[in-house]
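What follows is the structure, encoded as structure tokens:
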């Protein structure tokens with residue numbers, strides 16, 4: 080009975096799992112009786128043949144060839160068979176790195192600088208931690224990178240979500256902005272540079288901001304320009320100064336260009352995020368934008384809109400307010416909020432109506448709204464106009 084159940088489970092696994100399992104068994108067989116210290120690998124929790132097979136062949140390349148003759152060579156043969164031709168978008172970077180090291184350092188083979196450079200080029204193109212390639216001058220690298228064939232390799236890798244790397248996204252994104260080249264495609268380039276994998280790179284955030292504000296490659300889109308910086312709304316102090324300054328720059332451009340109520344709502348949303356700490360003249364820019372919008376009626380949230388708010392914001396409040404300050408009072412009151420909803424159905428501005436008694440927690444709530452206001456559709460409440468609404472009160476301390 081147990082054997083039958085095991086057979087069914089194995090049959091249900093995807094082919095790749097069974098291939099990795101077979102490779103792991105082959106590698107163990109090739110290691111044979113070698114007892115070199117490199118093969119004294121700590122046991123893993125559970126079974127992951129993909130990880131274990133790669134871990135084993137990497138260790139086999141490190142054994143002492145005098146103590147374990149033929150083991151390095153056996154490992155390298157297995158790596159090369161599974162690696163295949165390296166010049167392709169879906170090349171396995173783990174195996175490629177092992178093959179490069181073997182060729183560069185002479186593991187399981189005589190050192191082969193030419194082959195090492197061939198492997199190294201693909202690692203340089205795709206891997207976030209590329210190897211040094213002293214034989215490949217910078218000018219030659221640039222020329223190779225800018226070939227249409229190289230861009231096609233990058234595109235093939237970036238089209239597969241599970242294979243993308245920060246390096247591949249950034250490289251193709253910038254190449255797609257090379258005007259006059261056959262692969263010039265600013266829409267694709269912009270989408271690649273907006274990828275979440277590049278979100279922690281401040282230089283790339285600024286690239287995206289300039290791309291959507293200068294109008295050189297793409298139509299101006301101030302909401303997309305601001306998006307990478309809205310993710311930093313919760314930052315405080317000096318670390319927040321640069322993002323807030325950039326948001327203010329984008330917000331002022333958006334305000335100057337705004338000719339419709341919808342465009343004014345976008346500008347206000349950006350200036351709201353820029354003015355969380357009131358620096359660099361942001362408070363005045365925000366007040367001027369609110370004055371341009373003028374009076375708006377007070378309305379109640381339409382049926383279902385409170386639930387839509389809770390679905391997005393409940394979790395974000397818990398993330399935004401995990402910490403307390405030393406001067407925080409023991410008793411805090413619920414945070415009252417009032418919001419201006421734009422004609423596009425998204426909240427453009429939020430203000431406190433009832434502080435909690437803990438300024439940092441109040442600010443955290445506003446920062447959460449600055450980041451996520453555009454994610455909640457309140458079109459039923461807005462009915463195509465600017466309206467003020469009372470938002471559901473917020474507990475000043477996260478629960479659960």
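In my numbering, the protein residues as written are 80 to 479.
Ideal placement from N, C-alpha and C gives every residue a C-beta, glycine not left out.
Just so you know, these numbers come straight off a predicted model, no measurement behind them.
query	result
Ends of the beta strand (DSSP E) at residue 419?	414-420
Is the CB-CB distance between residue 277 and residue 248 below 7 angstroms?	yes
For residue 422, I'd like the list of residues in its chain whose CB is within less than 7 angstroms of its CB, leaving aside the five on either flank, ordered along the chain.	340, 341, 344, 461, 463, 464, 465
Is it true that the CB of residue 288 sits closer than 7 angstroms to the CB of residue 483?	In the structure displayed, the chain extends from 80 to 479; residue 483 sits before or after that span and is not available.
From residue 95 to residue 174, what distance separates their C-alpha atoms?	15 angstroms
Could you give the DSSP three-state label for residue 322: helix, strand or coil?	helix
Identify every residue that forms a DSSP beta bridge with residue 467.	377, 419
In this structure, what does DSSP give as the bridge partners for residue 428?	419
Taking residue 53 as the reference, which of 100, 131, 130, 136 has the closest Cα?	Coverage of the chain is limited to positions 80 through 479, which leaves residue 53 absent and any answer about it impossible.
Alpha carbon to alpha carbon, how far is residue 97 from residue 327?	55 angstroms
Please state whether DSSP places residue 239 in a helix, a strand or coil.	coil
With a Cβ-Cβ cutoff of 7 angstroms, do residue 386 and residue 424 count as a contact?	no
At what residues does the alpha helix (DSSP H) containing residue 291 begin and finish?	From DSSP, residue 291 is part of no alpha helix (DSSP H); its letter is neither H nor E.
Judging by CA-CA distance, which residue of 371, 120, 316 is the nearest neighbour of residue 357?	316
Hey, would you say residue 430 sits closer than 7 angstroms to residue 417, going by beta carbons?	yes
For residue 331, I'd like the list of residues in its chain whose CB is within less than 7 angstroms of its CB, leaving aside the five on either flank, ordered along the chain.	364
Based on the DSSP secondary-structure assignment, which residues constitute the bridge partners of residue 461?	In the DSSP output, where bridge partners are listed per residue, residue 461 has none listed.
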